[in-house]
Amino acid sequence: MGTSEQNRTLGIDIGGTKTAAALVDLHGNVTNYQYTATPALDGPDAVLAAAISLGQRVLATTSNTTALPIAVGIGTAGQVDCDHGIITCATDALPDWQGTTIRQAMQNAFDLPAVVDNDVNTMAFGEMHHGAGRAFHDVLYVSVGTGIGGALVYNKQVQHGATWTAGELGNLVIRYDIAHQANDARAGCLEAFTSGPAMVQHYARLAQVQEPPDLQAVVAHAYAGDDHARQTITEGGYTLGMVIGSLLCVLNPEALIVGGGVSEIGPLWWQPFEQALRANPLPGPARVPVQPAQLGRYAVVAGAGCMAFHHIHQLPTA
Numbered sequence: 347m348g349t350s351e352q353n354r355t356l357g358i359d360i361g362g363t364k365t366a367a368a369l370v371d372l373h374g375n376v377t378n379y380q381y382t383a384t385p386a387l388d389g390p391d392a393v394l395a396a397a398i399s400l401g402q403r404v405l406a407t408t409s410n411t412t413a414l415p416i417a418v419g420i421g422t423a424g425q426v427d428c429d430h431g432i433i434t435c436a437t438d439a440l441p442d443w444q445g446t447t448i449r450q451a452m453q454n455a456f457d458l459p460a461v462v463d464n465d466v467n468t469m470a471f472g473e474m475h476h477g478a479g480r481a482f483h484d485v486l487y488v489s490v491g492t493g494i495g496g497a498l499v500y501n502k503q504v505q506h507g508a509t510w511t512a513g514e515l516g517n518l519v520i521r522y523d524i525a526h527q528a529n530d531a532r533a534g535c536l537e538a539f540t541s542g543p544a545m546v547q548h549y550a551r552l553a554q555v556q557e558p559p560d561l562q563a564v565v566a567h568a569y570a571g572d573d574h575a576r577q578t579i580t581e582g583g584y585t586l587g588m589v590i591g592s593l594l595c596v597l598n599p600e601a602l603i604v605g606g607g608v609s610e611i612g613p614l615w616w617q618p619f620e621q622a623l624r625a626n627p628l629p630g631p632a633r634v635p636v637q638p639a640q641l642g643r644y645a646v647v648a649g650a651g652c653m654a655f656h657h658i659h660q661l662p663t664a
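Following our numbering, the numbering of the sequence shown begins with 347 at its first residue and continues without gaps.
The following block contains the structure:
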């Protein structure tokens, strides 16, 4: 199938708290963006229904019939069997999400071909083709926000691994003593020390506050000179940088792209992150360029829409 400048895809982002949808053109431009709360506690059927309804609302706002989508791309929380469009594993953010057959539901609803992938993979794919990764072929993408996510990209293609778990950085155990004591690997994992919620909890312990604030408040306290807040953000960035620096040695990508809400904190987070990244005894990490992600709030819908184009048209990767 050939491509046209007028072609669009429908990009859908299904997250634990928010679902978004938009039209995406061949260059990654996003239009008709809309979002709604995800009815996560109402179960998978309700989540799918909300996503489909939102997509239909986006289409209803499109007066130009030549801009109607030719395919649907979905980025979702959880691990995805991309061959079958099924969720293979999910967190409590979307209860009972495991086993949900997203692709078939979307194809039936929109009567269009559909492609489904993990949300961080779609972010990385979008950045590679329309964002910070355009000049590179081999990249490690790291998302730092409510959780810690990752994606491995080689020759501009997301690598999924044998069982669809490639890039799952958040579960790397970095404190074996804590994991052993708790008899739970998650207690000592990277996400438990460097994600946004983890930093909020760390600040609450240091400052001895009863009601933990949100991350935005911690950041404001830090830039206002609060020592506990500054320590929290510095340690979060430094710890993540140490781990990612080691991964750069193992994976040896051309570049590192970092996105997610925590990465937008500013120099109080970025400086210790890069300092730790470059502190690896091997010279490789010091030479890897670090790029902030560029697609922002549209990263998942843009990336999912981009995936749909490539799925349909089998566009060249160069």
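Quick reminder that beta carbons are idealized off the backbone N, C-alpha and C, glycines included.
Check your understanding: LEU372 to THR468, Cα distance in whole Å?
Key -> By 1-based counting over the sequence shown, the position of residue 372 is 26. By 1-based counting over the sequence shown, the position of residue 468 is 122. When rounded, the distance between both Cα atoms is 15 angstroms.
Practice item. Counting only the same chain and skipping the five closest in sequence on each side, list residues whose C-beta sits under 6 angstroms from that of ALA664. Key: As a position in the sequence shown, residue 664 is number 318, starting the count at 1. Note that ALA664 scores a pLDDT of 45, beneath 50, so its modelled location is shaky; the value from the coordinates is reported in the next line. For ALA664, same chain residues with a beta-carbon under 6 angstroms away, outside a window of 5 residues either side, do not exist.
Exercise for review: Please look up how many angstroms separate the CB atoms of VAL634 and LEU593, rounded, as I've assumed it's under 8 angstroms.
Suggested key: In the sequence shown, residue 634 corresponds to position 288, counting from 1. In the sequence shown, residue 593 corresponds to position 247, counting from 1. In fact, because the Cβ distance is near 10 angstroms, the residues do not count as touching under 8 angstroms.
Check your understanding: So what does SER489 bridge to, in DSSP terms?
Key -> The count along the sequence shown starts at 1 and reaches residue 489 at position 143. In the DSSP output, where bridge partners are listed per residue, SER489 has GLY495 and GLY605.
**Study point:** Within 9 angstroms, strictly: CB atoms of GLY649 and GLY357
**Key:** Here residue 649 is taken as the residue at index 303 of the sequence shown, counted from 1. Here residue 357 is taken as the residue at index 11 of the sequence shown, counted from 1. Yes, Cβ-Cβ distance for GLY649 and GLY357 is below 9 angstroms.
Review point. With 16 as the cutoff for other CB atoms within 10 Å, does HIS430 come out buried or exposed?
Key: Position 84 of the sequence shown, counting from 1, holds the residue named residue 430. Exposed, because fewer than 16 other Cβ atoms sit within 10 Å of the Cβ of HIS430.
Exercise for review: Could you check if GLU537 is buried or exposed, using at least 16 other CB atoms within 10 Å of its CB as the buried criterion?
Suggested key: Walking along the sequence shown from the start, residue 537 turns up at place 191. Here GLU537 is buried: its Cβ has 16 or more other Cβ atoms, across all protein chains shown, within 10 Å.
Check your understanding: For ASP388, does the count of other Cβ atoms within 10 angstroms reach 16, so buried, or fall short, so exposed?
Key -> Residue numbering aside, residue 388 sits at position 42 when the sequence shown is read from its first letter. So ASP388 ends up on the exposed side.
Check your understanding: Out of curiosity, what's the CA-to-CA distance linking ALA481 and ASP560?
Key -> Position 135 of the sequence shown holds residue 481. Position 214 of the sequence shown holds residue 560. Going by the C-alpha atoms only, they are around 36 angstroms apart.
Check your understanding: Are the beta-carbon atoms of GLY424 and VAL461 separated by less than 9 angstroms?
Key -> Taking the sequence shown and counting its residues from 1, one reaches residue 424 at position 78. Taking the sequence shown and counting its residues from 1, one reaches residue 461 at position 115. No, Cβ-Cβ distance for GLY424 and VAL461 is not below 9 angstroms.
Exercise for review: Report the rounded CA-to-CA distance for ARG354 versus ILE520, giving the unit in angstroms.
Suggested key: For the purposes of this step, residue 354 is taken as the residue at position 8 of the sequence shown. For the purposes of this step, residue 520 is taken as the residue at position 174 of the sequence shown. Each residue's alpha carbon lies about 43 angstroms from the other.
Practice item. Please name the residue in TYR381, HIS476 and GLY591 whose C-alpha comes closest to that of ALA366. Key: Residue mapping note: residue 366 aligns to position 20 of the sequence shown, counting from 1. The candidate whose alpha carbon is nearest that of ALA366 is TYR381.
Review point. Alpha carbon to alpha carbon, how far is ALA528 from ILE494?
Key: Counted from its first residue, the sequence shown places residue 528 at position 182. Counted from its first residue, the sequence shown places residue 494 at position 148. Going from the Cα of ALA528 to the Cα of ILE494 covers about 21 angstroms.
Check your understanding: Can you check whether the CB of PRO613 is closer than 9 angstroms to the CB of LEU498?
Key -> Indexing the sequence shown from 1 puts residue 498 at position 152. Indexing the sequence shown from 1 puts residue 613 at position 267. Going by C-beta atoms, LEU498 is not nearer than 9 angstroms to PRO613.
Check your understanding: Do three or more CB pairs link the segment 545–554 to the segment 505–518 at distances below 8 angstroms?
Key -> no
Check your understanding: So, is LEU661 buried or exposed, given that buried needs 16 or more other C-beta atoms within 10 angstroms?
Key -> Taking the sequence shown and counting its residues from 1, one reaches residue 661 at position 315. Residue placement at LEU661 is poorly supported in this model, since its pLDDT is 46, which falls under 50; the coordinates still yield a value, given next. So LEU661 counts as exposed.
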